[in-house]
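A.B. asks: Residue numbers for the sequence shown, in this note's numbering: 856 to 989.
For glycine and all other residues, C-beta sits at the position ideal for the given N, C-alpha and C.
Mind having a look at this structure? Questions to follow.
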Amino acid sequence: MDISRLTEKVQEALREAQVKALQLGHQHVEVEHLLLALLEQEQGLATSMFHRAEISGEDLRKSLQEELDALPRISSPSGTPDQVYVAGRLSLLLEQAQEEAKTLGDEYVSVEHLLLALTADKGAAGRIFSELGV
856 MDISRLTEKV QEALREAQVK ALQLGHQHVE VEHLLLALLE QEQGLATSMF HRAEISGEDL
916 RKSLQEELDA LPRISSPSGT PDQVYVAGRL SLLLEQAQEE AKTLGDEYVS VEHLLLALTA
976 DKGAAGRIFS ELGV
């Protein structure tokens with residue numbers, strides 16, 4: 856995926872997702888790291904969309920954090936992984952978001968494209984969305 860085709864907010868969320876993965880001792884950046892990063896963005900679109908849909912951001916954050924806490928942790932002499940990798944599911948999500956952008960005639964992948972792609976996620980994030988009625 857061409858990073859230059861991602862909006863600033865999406866790039867920011869991906870960087871924050873990577874930081875979260877490192878802080879939690881995870882070797883891979885997962886879809887759940889990204890969704891949590893989107894929810895924590897200042898004046899973020901994801902939070903306002905969930906609020907308008909009457910979905911509790913706090914419930915969503917709590918569920919995501921529980922999923923992330925259950926992932927295996929890797930440590931190195933520094934105490935955290937030296938490097939993190941993009942998980943396969945996250946790569947697929949980014950590809951799906953790019954397809955959503957193309958379908959909608961948009962040049963850049965934005966937060967709303969990620970959220971649309973997330974509704975089809977087969978992992979924990981998709982299950983959480985389903986449980987919350989997204």
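Tell me whether the region 879-889 and the region 945-955 touch, counting them as touching only if at least three CB pairs, one residue from each stretch, are closer than 8 Å.
C.D. replies: yes
A.B. asks: Between the region 961-969 and the region 909-928, do at least 3 Cβ pairs fall closer than 8 Å?
C.D. replies: They do not touch, by the three-pair rule.
A.B. asks: Give the single residue among Pro927, Gly880, Ala868 and Lys864 whose Cα lies nearest to the Cα of Gln938.
C.D. replies: In the sequence shown, residue 938 corresponds to position 83, counting from 1. Selected option, being the one with the closest Cα: Gly880.
A.B. asks: Considering only C-alpha positions, which residue in the set Gln882, Lys875, Glu897 and Leu877 is nearest to Glu863?
C.D. replies: Sequence index remark: in the sequence shown, residue 863 carries index 8 (1-based). For the residues Gln882, Lys875, Glu897 and Leu877, the minimum Cα distance to Glu863 belongs to Glu897.
A.B. asks: State the DSSP-derived secondary structure class of Leu861, mapped to helix, strand or coil.
C.D. replies: Here residue 861 refers to the residue found at position 6 when the sequence shown is read from its first residue. Looking at Leu861 - three-state DSSP - the assignment turns out to be strand.
A.B. asks: So the candidates are Ala876, Gln866, Arg860 and Val865; which of them puts its Cα closest to the Cα of Ser930?
C.D. replies: The residue you call residue 930 lines up with position 75 of the sequence shown. Per the Cα distances, Ala876.
A.B. asks: By DSSP, does His881 sit in helix, in strand, or in coil?
C.D. replies: Mapped onto the sequence shown, residue 881 falls at position 26. Coil at His881, not helix or strand.
A.B. asks: Would you mind reading off the limits of the alpha helix (DSSP H) that contains Gln953?
C.D. replies: As a position in the sequence shown, residue 953 is number 98, starting the count at 1. Start and end: Gly943 to Thr958.
A.B. asks: Alpha carbon to alpha carbon, how far is Phe984 from His906? Give it in angstroms, no decimals.
C.D. replies: Translated into the one-based positions of the sequence shown, residue 906 becomes position 51. Translated into the one-based positions of the sequence shown, residue 984 becomes position 129. Cα to Cα, the separation comes out at about 14 Å.
A.B. asks: Out of curiosity, what's the CA-to-CA distance linking Gln866 and Ala892?
C.D. replies: Here residue 866 is taken as the residue at index 11 of the sequence shown, counted from 1. Here residue 892 is taken as the residue at index 37 of the sequence shown, counted from 1. Taking the CA atoms as reference points, Gln866 sits about 11 Å from Ala892.
A.B. asks: List the whole-angstrom C-beta distance separating Leu971 from Glu955, where the pair is believed to meet the contact cut-off of C-beta under 8 Å.
C.D. replies: Counted from its first residue, the sequence shown places residue 971 at position 116. Counted from its first residue, the sequence shown places residue 955 at position 100. That pair is a contact at about 5 Å.
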